[in-house]
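From first to last, the protein sequence lines are chains S and V. Here UniProt numbering is used: the first residue of the first sequence is 1, the next is one more, and so on. Here UniProt numbering is used: the first residue of the second sequence is 1, the next is one more, and so on. Quick reminder that beta carbons are idealized off the backbone N, C-alpha and C, glycines included. Please read the structure below before turning to the comments.
There are 2 protein chains.
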Amino acid sequence: MTKQYTVAILGATGAVGTRMIEQLEQSTIPVGEIHLLASKRSVGKKLKFNGQEVAVEEAVPDSFNGVDLVLASAGGDISARLLPEAVKRGAVCVDNTSHFRMNDNVPLVVPEVNVDALENHHGIIADPNCSTIQMVVALEPIRKQFGLKQVIVSTYQAAGGAGQSAINELYREAQEKLDGKPMQAEILPVKGDKKHYPLAFNLLPQIDVFEEADYTHEEWKMIRETKKIMLGDKFAKDIKVTATCVRVPVPIGHGETVYFETAQEPTPAEIKQVLATAPGVVVQDDPSQQLYPQPVTAEGKRDTFVGRIRADVENPGSYHMWVVADNLLKGAAWNAVQIAQELVKRDLVRVPEGSAELFN
Amino acid sequence: MTKQYTVAILGATGAVGTRMIEQLEQSTIPVGEIHLLASKRSVGKKLKFNGQEVAVEEAVPDSFNGVDLVLASAGGDISARLLPEAVKRGAVCVDNTSHFRMNDNVPLVVPEVNVDALENHHGIIADPNCSTIQMVVALEPIRKQFGLKQVIVSTYQAAGGAGQSAINELYREAQEKLDGKPMQAEILPVKGDKKHYPLAFNLLPQIDVFEEADYTHEEWKMIRETKKIMLGDKFAKDIKVTATCVRVPVPIGHGETVYFETAQEPTPAEIKQVLATAPGVVVQDDPSQQLYPQPVTAEGKRDTFVGRIRADVENPGSYHMWVVADNLLKGAAWNAVQIAQELVKRDLVRVPEGSAELFN
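What follows is the structure, encoded as structure tokens:
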């Protein structure tokens, strides 16, 4: 008989958590038992898994007793507190928060790019930032084939990256504006920051808080995570990465203009050919048919969509592309479930000895 | 007594035309008579100029008899047909359409950048593309002070760039989506193109039709116009420019992430200092106060707002900035009126002999 896995979803009621449930249902993982964990507030709520009602439980350290696999998306502070407890109890955790991503003991994995990094996990595997995932899925086949020297990305990020409440705020503000009322911003650009600005019919060039060199945390994530995923830390200097992250009034689906310089000088047609057979990538690029990726057509899909592929006509070896993906699926829930699926396939759902100490 | 000018506005009922009227009212130009010209359809409509009702007239060649100055924004084909007629009748034309922009006999002017190009006009002066204007206003002070080698721009362009009907479509689609109905796209991305896609809660990486090398016409405009304005045609190769243009669900106010490489290596603080005293520029850049340009705060203003100024930490001499302006004011109506104001100030409101033949 196939082994059945006991799976816990931490943050099960959120925008990513609910999609983790749905992606897990559609995955190849044989799920025996499921535990839906959330904060005290959500206890009593019932969600469905494979047609069965499951009551939401409060997430506490002992929630992880007997659990094989944890999919976490309840916030960085909660992962920081609870995932070491899960590891201590023998559960392997795939964490969608940013808390452990740059930890040397934690592989940061996009299965299409660096699935082998899973082999050396210590109980916690990090799911990268949404805007980073879709970019590296599109860049890795190019790097492998033609070499990659530099990346300059501008993002067009959906409200959903800040959770369901940010999507609700976008819709509410849009209705306020259409009704001729003032828009009331309470969450964006950053829930915990001092000021809030409307996103509806507007653009906010701030995602997460400001840090070193006047880059936002989101921009640093794209720089650092891209290097860790594509190169590992040792070769981080081999590709230059820089970013500007902008929130746009779209509920779901991040867009990115990715400008990149390769080591070789392929034609745009050669780049399209490589992307056309790349895992997880769908090329949508036919100007004669006005075919290009859009958030409304990417929503609900697991793939990363790439279009507008063309050369910088004055810089040989430099190119543009336009990348769109569902930030809540490939950018979060699906990538996490995909990691879990690989862990199962490779029989890696076990915590190596000594792991718990690494996260004390 | 000061000379009074007879001014005609061609396309007076459109999104740009109505703003030309308003900007002209607020200008220093002594307007004697005003003629509001539009298509047959609009004849009978009444608009106000300085509190007086003015009837809209049909635009025909003889509309320009006795006219000193024409401000045109009725579409490229209409400018192509009527402006040579206006020049023949001795009227100096400031044309907001793209028709004459790359014509060697037509100066393409952003007053903050190349106002002296007006001196050699031949009756037609072109008002550049909206997304180009705000970018060169921000780049020119940097070029003058530190030298400029390369520009890579991604735009976040408002619906208003495609006219009032595109703004109306955006609002209608937004209401449809909020009501749970399918969004009906009829205009965007390009009125005359085969397919139409919703812009509300979406992103459209196509502005204008596709052309050479899979760039859109809008992208080529940004490349070619930037060079003509900043360098003149002779030095066009001295700055490399490349662009990706994306339409975003914002009614008014274009955003741009502008990545640029300078000849020298100033600090971001030095760049900010230069921009702080540059004409037409307002620096909004204080991460500690979450201060940065936004379309909702730029709307209705004549200035170009610049923020998020910072260095590419891995490429000395390369920088990011985020530029926002009201695309219907600085990007169109105000820049045109500003040109007209300069023509008046320099006593250049006359058509040099032999000009009419140039546009036959």
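- Exposed unless 16 or more other CB atoms sit within 10 angstroms - verdict on D95 of chain S: buried
- Message: Quick test of your reading: N105 of chain V and L343 of chain V, contact by CB under 8 Å. State the CB separation rounded to the nearest angstrom.
- Response: About 16 Å; that fails the 8 Å criterion.
- Query: Mind pulling the beta strand (DSSP E) runs of 3 or more residues that sit fully within the segment 220-307 of chain S?
  - Reply: 240-247, 254-262 and 281-283
- How is R81 of chain S classed by DSSP in three states: helix, strand or coil? helix
- Query: With 8 Å set as the bound, which would you pick, yes or no: does the beta-carbon of G160 of chain V sit closer than that to a beta-carbon of chain S?
  - Reply: no
- Query: CA-CA distance, K144 of chain V and A332 of chain S?
  - Reply: 45 Å
- Query: Using a C-beta to C-beta distance shorter than 9 Å, which residues of chain B count as neighbours of E314 of chain S?
  - Reply: No chain B appears in this structure, whose protein chains are S and V.
- Item | Nearest-angstrom Cα separation, counted from S165 of chain S out to A59 of chain S | 21 Å
- Taking 8 Å as the threshold, find out whether the segment 307-325 of chain V comes into contact with the segment 268-275 of chain V through three or more Cβ pairs. yes
- May I ask which residues mark the beginning and end of the beta strand (DSSP E) holding V136 of chain V? V136 of chain V -> not in any beta strand (DSSP E); alpha helix (DSSP H) instead, spanning C130 to F146.
- Report the residues of the segment 197-226 of chain S with a CB closer than 7 Å to any CB of chain V, ordered along the chain. Y197, P198, F201, N202, L203, L204, P205, Q206, F210, A213, D214 and Y215
- Task: For R247 of chain S, go through chain V and note every residue whose CB falls closer than 9 Å to its CB, in chain order.
- Result: Those within 9 Å of R247 of chain S in chain V number zero; the least Cβ separation is about 10 Å.
- Taking the C-alpha atoms as reference points, what is the distance between Q284 of chain V and T304 of chain S? 35 Å
- Task: Give a yes or no on whether the minimum CB-CB distance between D116 of chain S and chain V is below 8 Å.
- Result: no
- Output the distance between the C-alpha atoms of R89 of chain S and S355 of chain S, rounded to the nearest integer angstrom. 11 Å
- Any contact of the segment 166-179 of chain S with the segment 196-216 of chain S, i.e. 3+ C-beta pairs under 8 Å? yes
- Item | Where R143 of chain V meets chain S, residues with beta-carbon distance less than 9 Å | None at all; the shortest Cβ gap to chain S is about 17 Å.
- Is the number of C-beta pairs between the segment 149-156 of chain V and the segment 121-129 of chain V that are closer than 8 Å three or more? no
- Are the Cβ atoms of Q264 of chain S and G76 of chain S separated by less than 8 Å? no
- Answer with buried or exposed for D116 of chain V, where buried requires no fewer than 16 other C-beta atoms within 10 angstroms of its C-beta. exposed
- Message: Between W334 of chain S and chain V, is any beta-carbon pair separated by less than 8 Å?
- Response: no
- Quick one: does the C-beta of Y215 of chain V sit closer than 7 Å to a heavy atom of the ligand FAD? Ligands in the displayed structure: none, and consequently the ligand FAD is not present.
- Would you check if there are 3 or more beta carbon pairs closer than 8 Å linking the segment 320-339 of chain S to the segment 126-137 of chain S? yes
- State buried or exposed for N335 of chain S, treating a residue as buried only when at least 16 other CB atoms are found within 10 Å of its CB. buried
- Message: Let me confirm a value: D179 of chain S is counted as buried when at least 16 other C-beta atoms fall within 10 Å, else exposed. Which label applies?
- Response: exposed
- Task: May I ask you to list, following chain order, the residues of the segment 281-301 of chain S that have a beta carbon less than 7 Å from some beta carbon of chain V?
- Result: P287, Q290, Y292, Q294, P295 and V296
- Message: Under 8 Å: do the segment 29-42 of chain V and the segment 5-13 of chain V share three or more Cβ pairs, one atom per stretch?
- Response: yes
- Query: I34 of chain V by DSSP, collapsed to three states: which one?
  - Reply: strand
- Message: Taking the alpha helix (DSSP H) that K177 of chain V belongs to, which residues open and close that run?
- Response: Q164 to L178
- Message: Distance cutoff 8 Å, beta carbons only. Does Q175 of chain S sit that close to anything in chain V?
- Response: yes
- Which bits of chain S does D68 of chain V rub up against, with CB to CB less than 9 Å? Under the 9 Å cutoff, chain S gives no residues; its nearest Cβ is about 39 Å from D68 of chain V.
- Query: By a C-beta neighbour count over all protein chains shown, 10 Å radius and 16 as the cutoff for buried, is F235 of chain V buried or exposed?
  - Reply: exposed
- Cα-Cα separation between P84 of chain S and N360 of chain S, rounded to whole angstroms: 7 Å
- Item | Bounding residues of the beta strand (DSSP E) (the contiguous stretch that carries E22 of chain S) | Per DSSP, E22 of chain S belongs to no beta strand (DSSP E); it is in the alpha helix (DSSP H), A15 to E25.
- Message: Less than 8 Å between the beta carbons of K40 of chain S and V56 of chain S, yes or no?
- Response: no
- Query: Among S:T226, S:Q206 and S:H217, which residue has its Cα nearest to the Cα of E140 of chain S?
  - Reply: S:T226
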